[in-house]
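Here the protein sequences line up with chains A and B, keeping their order.
Numbering of the first sequence is given in UniProt numbering, commencing with residue 1 and proceeding in unit increments.
Numbering of the second sequence is given in UniProt numbering, commencing with residue 1 and proceeding in unit increments.
Heads up, the beta-carbon is just placed ideally off N, CA and C, and yes, glycines get one too.
Values in this document were obtained by computation on a predicted structure and should not be read as measured data.
There are 2 protein chains.
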Amino acid sequence: MADINFKTDTSKPPRGGREPQGDNRAAPNDTVPFDLIELLFFAYRDFTADPDDVLSEFGFGRAHHRVLHFVNRNPDLVVTDLLGILKITKQSLGRVLKQLVDEGYIRQIPGASDRRQRHLRATDKGQELAMRLARLQAERLDRAIMALPDDGAEIVRQFLFQMINPDGRGDVAALIDAGRDTQAPPDGGTKPKDSRP
Amino acid sequence: MADINFKTDTSKPPRGGREPQGDNRAAPNDTVPFDLIELLFFAYRDFTADPDDVLSEFGFGRAHHRVLHFVNRNPDLVVTDLLGILKITKQSLGRVLKQLVDEGYIRQIPGASDRRQRHLRATDKGQELAMRLARLQAERLDRAIMALPDDGAEIVRQFLFQMINPDGRGDVAALIDAGRDTQAPPDGGTKPKDSRP
DNA sequence: AATTTATGTCAGCCATATTGACTTATTTCG
DNA sequence: CGAAATAAGTCAATATGGCTGACATAAATT
């Protein structure tokens, strides 16, 4: 017995005919979209599982992934900003970041304009790992998107964006936008740009 | 300073024009949908934050939420099945389940046909908490879905389903399907019985 | 009767997060 | 200028939620 099967095993995708939706005066039990709640749980669980496997080979965990990902996508990110993105404490970040720096995945570059700051940048080695993990997740996402109608990707994007707390959306949009034109320069000679207002 | 803003703060939603997609021979960097990866991270982070707040009032954590949720949705769920759903170990489940039972949120009912089994069922109190948490998540989901085109909900459902590991989809579909006709009976008939071996 | 299964428990370990207190530079501001 | 605020880092203690391994018990299966 290798595969666990909970309940019966009729292999059919979840049907999606019903959706009363229009009565919302107290969110009565009937209107709670349990299927979406559960699908999101399972989807995210599998989405993070692939990278986790790879990371464990390196002695890293999911926390390292998050740090490396955002640093790779946003070179010269400053520690305070990273804390804001991840919404964790300085102490939590410290441990993970120190490992990534010590093992040569991330460099810390003193700020030029504000010398208190440390600009974070993925090394070549860091970029490689970050991209390897990103490609794993991309494969899954691409396959899922491929199965949708033409406008599927855009609808999914909108959905996910709307799931974010309203007051956080601006920051997320800006972050994604900033990462967009990050072509991951070959870790060459760039000096830390000042991130001061 | 209460709000942390990473990078700039131009409050516009992520644009979604680009999508080369057609060149996949090695998933070159350009084709990695970083925006989706990040949106999924932020969406899930906020999705779980609301329940977490409520749970902490009860001295519970996210693990308790998951257990309570699936037990509530699938009355008489058996321990082995729950382990399969959550993909955690017996020992990990044991801790949280014991707390939920001790504090009267879940009942364990010896199996009728197979008396080794313990059927798990949410008590009235458990159902209340489960529904309170589910409604919180439902609000967020409903608001997000509302902002989409008519077929948005269905596309999102398909997307999330396709994000699940192929070999797990059957089980998930069956589980969701089973939960569908769970009308959360008023905890009437079965008596607690002795949970002794 | 022997084996397997379902459940549970003890003991210890690891990863990730938290709070609180405090230090060191450095910048900003009155 | 000098005080206050900020960026980063550190030490220590604690909580949560995973994990492995070893075992125990009752009940079902073979």
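Under the Cβ criterion (8 Å, minimum of three pairs), the stretch 89-105 of chain B counts as touching the stretch 53-73 of chain B. With respect to Val32(B), Leu133(B) sits apart: the two C-beta atoms are not nearer than 9 Å. Straight-line measurement puts the Cα of Ala174(B) at about 18 Å from the Cα of Glu154(B). Secondary structure of Pro51(B) (DSSP, three-state): helix. Nearest neighbour of Leu40(A) by Cα position, chosen from Asn165(B), Ser56(B), Arg115(B), His119(B), turns out to be Asn165(B). Of all residues in the stretch 156-173 of chain B, the ones placed with a Cβ closer than 8 Å to any Cβ belonging to chain A are Val156, Arg157, Gln158, Phe159, Leu160, Phe161, Gln162, Met163, Ile164, Asn165, Asp167, Gly168, Arg169, Gly170, Asp171, Val172, Ala173, in chain order. As DSSP reads the structure, His65(B) sits in no beta bridge. The C-beta of Ala49(A) comes closer than 9 Å to at least one C-beta of chain B.
Note on geometry: alpha-carbon atoms of Leu160(B) and Arg140(B) lie some 16 Å from one another. The beta carbon of Lys90(B) sits closer than 7 Å to the beta carbons of Leu83 from its chain, once the five residues preceding and following it are set aside; these are given in chain order. For Arg115(A), no alpha helix (DSSP H) run applies, since DSSP gives it neither H nor E. One Cα belongs to Lys98(B), the other to Ala49(A), and the distance between them is close to 27 Å.
Going by C-alpha positions, Met146(B) is about 21 Å away from Ile145(A). Going by DSSP, Ile155(B) is part of the alpha helix (DSSP H) stretching over 152-163.
In this chain, the alpha helix (DSSP H) harbouring Pro166(A) covers 166-180.
For the 9 Å CB-CB criterion, Val172(B) and Arg118(B) do not form a contact. The Cβ atoms of Leu100(B) and Ile109(B) do not sit closer than 9 Å to each other. When 8 Å is used as the limit between beta carbons, Asp46(B) is near these residues of chain A: Met163, Ile164, Asn165, Gly168, in chain order. Between Phe47(B) and Gln137(B), the CB-CB gap stays under 9 Å. By the neighbour-count criterion, in which a residue is buried when 16 or more other Cβ atoms sit within 10 angstroms of its Cβ, Ala112(B) is exposed. For the set Gly168(B), Ala178(B), Ala130(B), Leu129(B), the Cα lying nearest the Cα of Lys87(B) is the one of Gly168(B).
Ranked by how close their Cα comes to the Cα of Gln127(A), the residues Arg73(A), Asp151(A), Leu93(A) have Arg73(A) in first place. Where Ile85(B) is concerned, the enclosing alpha helix (DSSP H) starts and stops at 79-86. Membership of Pro110(B) in the beta strand (DSSP E) is indicated by the continuous run 106-110.
Using a Cβ-Cβ cut-off of 9 Å, Val96(A) does not count as an interface residue toward chain B, since no Cβ of chain B sits closer than that to its own. By the C-beta density criterion, Phe58(A) is exposed, having fewer than 16 other C-beta atoms within 10 angstroms.
A direct Cα-to-Cα measurement between Asp114(A) and Ile85(A) gives close to 21 Å. As computed with DSSP, Ala122(B) is found in a beta bridge with Ile106(B).
Looking at the backbone, the Cα of Pro149(B) and that of Thr123(A) are separated by about 42 Å.
Interface flag for Pro75(B) against chain A is unset, since no Cβ pair is found closer than 9 Å. The DSSP-derived three-state label of Asn74(B) is coil. The beta carbon of Gln137(A) falls within 9 Å of a beta carbon belonging to chain B, placing the residue at that interface.
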